[in-house]
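A.B. asks:
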Amino acid sequence: MRRAPVELLAGLAILIVLLAVAFTKPGAFAQAGAIDLLNRLSAPGTEGRLVGSDQLGRDLLARIVAGAPWSLGVAAGATSLAVVLGVTLGLAAAEGSKWTRSAILQVANLALSFPGLVAAVAAVAVLGQGAVTLILVLGLLSWALFARVVYAEALAVRTRDYVVAARIGGVRSPTILWRHVLPALTPSLIAMTVFHFADMLVAASALSFLGVGAPLGAPAWGAMLAESRPYLYQAPWLLAGPAVALAATVLALNLMGDGLAKLLSPSNAGRRR
Amino acid sequence: MGTAVEISTRKVLSASRPGNGLRFARAAGKRCLELVLLLVTLSTLLFFLLRASGDPAVTLAGADADAETVQAIRVAYGFDRPLFVQYLSYMSHLARGDFGLSLANSEPAMKAVLWAMPATVSLALLAMLLTVVIASPIGAWLGAAPDRPERRATAVILYILQGTPGFVVALVLIQIFAVQAGWLPAIGRSGLASWVLPTVSLSLFLAPKLARVLAANVGEAFKEDYVRTARAAGAGEGQILVRHVLPNALLGSIALVGSQFAFLLGGVVVIETIFAWPGLGRLLVQSTLSLDFPVVQAAALAVAVLVFAAGMLTDLLFLAADPRLRTQGDA
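Protein sequences, first through last, are from chains L and V. Take 1 as the starting number for the first sequence in our numbering and just add one per residue. Take 1001 as the starting number for the second sequence in our numbering and just add one per residue.
1) Mind checking whether Ala1112 (chain V) and Ala1299 (chain V) have CB atoms under 9 Å apart?
2) Could you name the residues that DSSP lists as bridge partners for Pro1108 (chain V)?
3) Can you name, in chain order, every residue of its own chain whose Cβ lies under 6 Å from the Cβ of Val1305 (chain V), other than the five neighbours on each side?
4) Scan the segment 193-218 of chain L for residues whose Cβ lies nearer than 8 Å to a Cβ of chain V and list them as they occur along the chain.
5) Flag Val1058 (chain V) as yes if its beta-carbon sits less than 9 Å from any beta-carbon of chain L, otherwise no.
6) Among the residues of its own chain, which have a CB less than 6 Å from the CB of Ala1230 (chain V), if the five just before and after it don't count?
7) Could you give the C-beta distance for Thr1131 (chain V) and Leu1206 (chain V), rounded to a whole number, given that I count them as a contact under 8 Å?
8) Counting only C-beta atoms, is Gly1188 (chain V) closer than 9 Å to chain L at any point?
9) Give the single residue among L:Ile64, L:Val6, L:Leu8 whose Cα lies nearest to the Cα of Ala22 (chain L).
10) Apart from the five residues on each side of it in sequence, which residues of its chain come closer than 7 Å, Cβ to Cβ, to Val194 (chain L)?
11) Consult DSSP for Asp1147 (chain V) and reduce its assignment to one of helix, strand or coil.
12) Should Ala68 (chain L) and Val212 (chain L) be called a contact, given that it needs their Cβ atoms to be closer than 9 Å?
13) List, in order along the chain, the chain V residues whose C-beta lies closer than 8 Å to that of Ala243 (chain L)?
14) Smallest Cα separation from Ser1194 (chain V): which of V:Phe1048, V:Val1269, V:Leu1184?
15) Among V:Ala1215, V:Gly1182, V:Pro1108, which residue has its Cα nearest to the Cα of Tyr1159 (chain V)?
16) May I ask which residues mark the beginning and end of the alpha helix (DSSP H) holding Thr1314 (chain V)?
17) Are the beta-carbon atoms belonging to Leu225 (chain L) and Tyr231 (chain L) less than 9 Å from one another?
18) Please say whether Ile1176 (chain V) and Ile1274 (chain V) have beta carbons closer to each other than 9 Å?
19) Quick check on Trp143 (chain L): does DSSP put it in helix, strand or coil?
20) Need the endpoints of the alpha helix (DSSP H) that Trp237 (chain L) sits in, please.
21) Could you tell me the alpha carbon to alpha carbon distance between Ala1104 (chain V) and Ala1119 (chain V), rounded to whole angstroms?
22) Check distances from the C-beta atoms of the segment 223-252 of chain L to those of chain V and list, in chain order, the residues that come in under 7 Å.
23) What residue range does the alpha helix (DSSP H) around Pro183 (chain L) cover?
24) Is there contact here, the segment 1194-1203 of chain V with the segment 1160-1172 of chain V, by at least three beta-carbon pairs under 8 Å?
25) Which value, in whole angstroms, describes the spacing of the CA atoms of Phe197 (chain L) and Ala76 (chain L)?
26) State the Cα-Cα distance for the pair Pro187 (chain L) and Leu19 (chain L), rounded to the nearest angstrom.
27) Taking Cβ positions only, does Val121 (chain L) come closer than 9 Å to chain V?
28) Which residues of chain L have a Cβ atom closer than 8 Å to the Cβ of Thr1164 (chain V), listed in chain order?
29) Give me the chain L residues within the contact set of Ile1160 (chain V), using Cβ-Cβ distance strictly less than 7 Å, ordered along the chain.
30) Would a C-beta distance cut-off of 9 Å place Leu1313 (chain V) and Gly1279 (chain V) closer than the cut-off?
31) Give every residue of the same chain whose Cβ lies closer than 8 Å to the Cβ of Leu1033 (chain V), excluding the five residues on either side of it in the sequence, and list them in chain order.
32) Is the separation between the beta-carbon of Val74 (chain L) and that of Met200 (chain L) shorter than 9 Å?
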């Protein structure tokens, strides 16, 4: 077993701290929506309010914790969609006919040549808000990143002796892709997926911040950042809380992505995009 | 998006091998064809998405409109015609540069877009310039001796900054410099001071990545033969860094700068909204929230053209910056 890279350990440490905060706050999930107008905008550190309370007197830390499933869930959904679509189409491009290949690569080029956030805003405008829309839009806009990497790597793997041997032995194309080509791609795919998860988390938060992501009232981190703006002067902790949660999660994910990339393929160290 | 630029660059590079002027022209033609394809796909998608999401007449009229208004809009916009006929007429209008009238003020949608474009482009140019100005010295300083303790610490800070979302950086900067200290205006575009926070926010988000890539490139360049030669010829370390290492390190970062510039043209949606900056991104969000579809369409297509132009510009910059890529045939 190789020694775990320092990035991976640091990322895991941050993640453990975040989880510990989430779970040691007793009753955090139940109280998240509890409005307490007597204690509006109380500062961090006032009794029972570790991170302060928001404009409706709700406990900020509880709300951040309650917002995690929404933000992380959307990011996970979008990432899964992008990975499944990207891997399938990337493999299809590598294995398929010339026509299939150029069609897939051309569509991937189109998808990548357009700024995702702009397309997402326009698409959400048309399709309406909500977690499912957001997952669909973000996933459909970002699969091409995976398709391109999978295509390029699969082309190289396809010519290796063991794959050629399997082909001569009469193994059919889908089986070859699944049993012989895909496993060779997993190390780079794992690191890439972690990075992509972080990117999707930021994108979902940015869209929610703009008001085109989370439905009204949902405790998404981006929406909480947007809600904090009228209270910037009185209650800066409303900004700091969700901002720290988002930045720390992204940092942990990036560190883990870098660490995994090093751990799984020492020759391919560092973040490649 | 970095890969997109790198690959397109390679396309142009391969087209500029000795005596291949024709191939270069063909590559340029291919890029133009790609742009047309991109615009056609994008407008087609927007058209069918709008139709698929429900009755567009109802969407345009708003949720609380009565049946007569909806019917009037349906006839006025031709939504009562077959879908395919609608699509053809829509595309032929687009081809003639007619994006329809804004639903908000009945002015041509493209007028609002063209009015907003300079604000976005100038902000992007300024932010890119500041990013390069910030990142170059830091990258050179880090890359020259990356293992010294204070530089290791700087590298960690850069890593953290690189991962912090741009809009979070902007909100924190507003909190510090506009709200608490009151030194700079938080929103709007009025006077020089109002440019500071948007530009700095964007640069603080982009510069760490550029600095890290530059540092890596500088570190690599120091191992090259030409550095050893210069050192043997008696050049000082400072001269080697400025004359030999830095130009080559910058050259290797052009692809990243290009993709960052493309990001600035297309990705400043959030920053423009935060700072109430009268640019394309804010126009897009506002028209999205007010369901002003003609403007959404025009703005999205405009952003696509801008981002595409940035990609082409990067390719040209590559050719201009690296004499090795220029050949007699193309000059």
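Using N, Cα and C, we set each Cβ at its ideal position, and we do this for glycine too. Remember, it's a predicted structure, so these values are computed and weren't measured experimentally.
C.D. replies: According to the structure shown:
1) For the purposes of this step, residue 1112 (chain V) is taken as the residue at position 112 of the second sequence. For the purposes of this step, residue 1299 (chain V) is taken as the residue at position 299 of the second sequence. Taking 9 Å as the Cβ cut-off, Ala1112 (chain V) and Ala1299 (chain V) qualify as a contacting pair.
2) Taking the second sequence and counting its residues from 1, the one referred to as residue 1108 (chain V) is at position 108. Pro1108 (chain V) is bridged to V:Leu1101.
3) Sequence index remark: in the second sequence, residue 1305 (chain V) carries index 305 (1-based). Cβ within range, chain order: n/a, list empty.
4) Ala198, Val202, Ser205, Ala206, Phe209, Leu210, Gly211, Val212
5) Here residue 1058 (chain V) corresponds to residue number 58 of the second sequence, with the count starting at 1. Answer no: the Cβ-Cβ gap between Val1058 (chain V) and chain L never drops below 9 Å.
6) Reading the second sequence from its first residue, position 230 is the one you call residue 1230 (chain V). Contacts found: Ile1240, His1244.
7) As a working note, residue 1131 (chain V) is residue 131 in the second sequence. As a working note, residue 1206 (chain V) is residue 206 in the second sequence. Contact flag correct, Cβ pair sits at about 5 Å.
8) What you label residue 1188 (chain V) is simply residue 188 of the second sequence in a count that begins at 1. Not one chain L Cβ lies under 9 Å of Gly1188 (chain V).
9) Position 22 of the first sequence holds residue 22 (chain L). Considering only alpha carbons, the answer is L:Ile64.
10) Locating residue 194 (chain L) in the first sequence gives position 194, counting from the first residue. The answer, listed in chain order, is Leu253, Met256, Gly257, Leu260.
11) The residue you call residue 1147 (chain V) lines up with position 147 of the second sequence. In this structure, Asp1147 (chain V) counts as coil in the three-state DSSP scheme.
12) To locate residue 68 (chain L), count along the first sequence from 1; it is residue 68. To locate residue 212 (chain L), count along the first sequence from 1; it is residue 212. In this structure, Val212 (chain L) does not lie closer than 9 Å to Ala68 (chain L) by Cβ.
13) Looking up residue 243 (chain L) in the first sequence gives position 243. Going along chain V in sequence order, the residues near Ala243 (chain L) (Cβ under 8 Å) are Val1168, Leu1171, Val1172.
14) Position 194 of the second sequence holds residue 1194 (chain V). Taking only the C-alpha atoms, the option nearest Ser1194 (chain V) is V:Leu1184.
15) Counting from one through the second sequence, the residue named residue 1159 (chain V) turns up at place 159. The candidate whose alpha carbon is nearest that of Tyr1159 (chain V) is V:Ala1215.
16) Your numbering for residue 1314 (chain V) matches position 314 in the second sequence. 1293-1321 is the extent of the alpha helix (DSSP H) around Thr1314 (chain V).
17) As a working note, residue 225 (chain L) is residue 225 in the first sequence. As a working note, residue 231 (chain L) is residue 231 in the first sequence. Not a contact, by the Cβ cut-off of 9 Å.
18) As a first step, residue 1274 (chain V) must be located in the second sequence, where it is residue number 274. As a first step, residue 1176 (chain V) must be located in the second sequence, where it is residue number 176. Against a cut-off of 9 Å, the Cβ pair of Ile1176 (chain V) and Ile1274 (chain V) comes out as no contact.
19) Position 143 of the first sequence, counted from the start, is the residue given in the question as residue 143 (chain L). In the structure shown, Trp143 (chain L) sits in a helix (DSSP, three-state: H, G or I).
20) In the first sequence, the residue the question calls residue 237 (chain L) occupies position 237. Trp237 (chain L) -> alpha helix (DSSP H) spans 237-264.
21) As a working mapping, residue 1104 (chain V) is identified with position 104 in the second sequence. As a working mapping, residue 1119 (chain V) is identified with position 119 in the second sequence. Roughly 21 Å separates the two Cα atoms.
22) Leu225, Leu232, Tyr233, Pro236, Leu239, Ala243, Leu246, Ala247, Val250, Leu251
23) As a working note, residue 183 (chain L) is residue 183 in the first sequence. Run containing Pro183 (chain L): 182-210, per the alpha helix (DSSP H) assignment.
24) yes
25) Start at 1 with the first residue of the first sequence, and residue 197 (chain L) comes out as number 197. Start at 1 with the first residue of the first sequence, and residue 76 (chain L) comes out as number 76. Phe197 (chain L) and Ala76 (chain L): Cα-Cα distance of roughly 6 Å.
26) If you number the first sequence from 1, residue 187 (chain L) lands on position 187. If you number the first sequence from 1, residue 19 (chain L) lands on position 19. Roughly 26 Å separates the two Cα atoms.
27) For this step, residue 121 (chain L) is matched to residue 121 along the first sequence. Output row for Val121 (chain L): interface = yes.
28) Here residue 1164 (chain V) refers to the residue found at position 164 of the second sequence. Result: Ala247, Val250, Leu251.
29) For the purposes of this step, residue 1160 (chain V) is taken as the residue at position 160 of the second sequence. In chain order: Leu251.
30) On the second sequence, residue 1313 (chain V) is found 313 positions in, with the first residue counted as 1. On the second sequence, residue 1279 (chain V) is found 279 positions in, with the first residue counted as 1. Not a contact, by the Cβ cut-off of 9 Å.
31) Position 33 of the second sequence, counted from the first residue, corresponds to residue 1033 (chain V). Around Leu1033 (chain V): no qualifying Cβ.
32) Here residue 74 (chain L) refers to the residue found at position 74 of the first sequence. Here residue 200 (chain L) refers to the residue found at position 200 of the first sequence. Taking 9 Å as the Cβ cut-off, Val74 (chain L) and Met200 (chain L) qualify as a contacting pair.
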